[in-house]
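Residue numbers (the working numbering): 52 to 148.
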């Protein structure tokens, strides 16, 4: 992964971190492959696919856990792994604002 792609990923992550901070208090848990944003339980995760996958990848992938289905077309995938729990996956583009 080249440094300009990593810089783009970092910029998007900083915007995401600020947006989540605006929602209220949460922690930041960093693991080898992802960053989680928990309150009582984790509700958002971010990771950089270019570090692990070949080819042209999104600079950042955001995964959210919600109690309701969000039908927005912005999401790449919405699944219900458990009754009443929805996992939403979004590939974040460099133009995120």
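Glycine included, C-beta positions come from ideal geometry on N, C-alpha and C.
Option in 110, 117, 138 and 90 with minimal Cα separation from residue 65:
Here residue 65 is taken as the residue at index 14 of the chain shown, counted from 1. Comparing Cα-Cα distances from residue 65 to each of 110, 117, 138 and 90, the minimum goes to 110.
Tell me which residues share the same chain as residue 78 and place their Cβ nearer than 6 Å to its Cβ, disregarding the 5 neighbours each side in the sequence.
As a working note, residue 78 is residue 27 in the chain shown. Counting only Cβ-Cβ distances below 6 Å, and skipping sequence neighbours, we find 89.
What span of residues does the beta strand (DSSP E) with residue 136 cover, start to end?
Working through the chain shown from its first residue, we reach residue 136 at position 85. Residues 136–143.
Can you list, in chain order, the residues of its chain whose CB lies under 7 Å from that of residue 147, leaving out five sequence neighbours each side?
Sequence index remark: in the chain shown, residue 147 carries index 96 (1-based). Residue placement at residue 147 cannot be trusted, given a pLDDT of 43 that sits under 50; the coordinates are not used to answer.
Do the segment 129–143 and the segment 105–119 meet, that is, are 3 or more Cβ pairs less than 8 Å apart?
yes
Limits of the unbroken beta strand (DSSP E) element including residue 126
Within the chain shown, the letter at position 75 stands for residue 126. Taken as a continuous stretch (DSSP letters only), residue 126 belongs to no beta strand (DSSP E), as it is neither H nor E.
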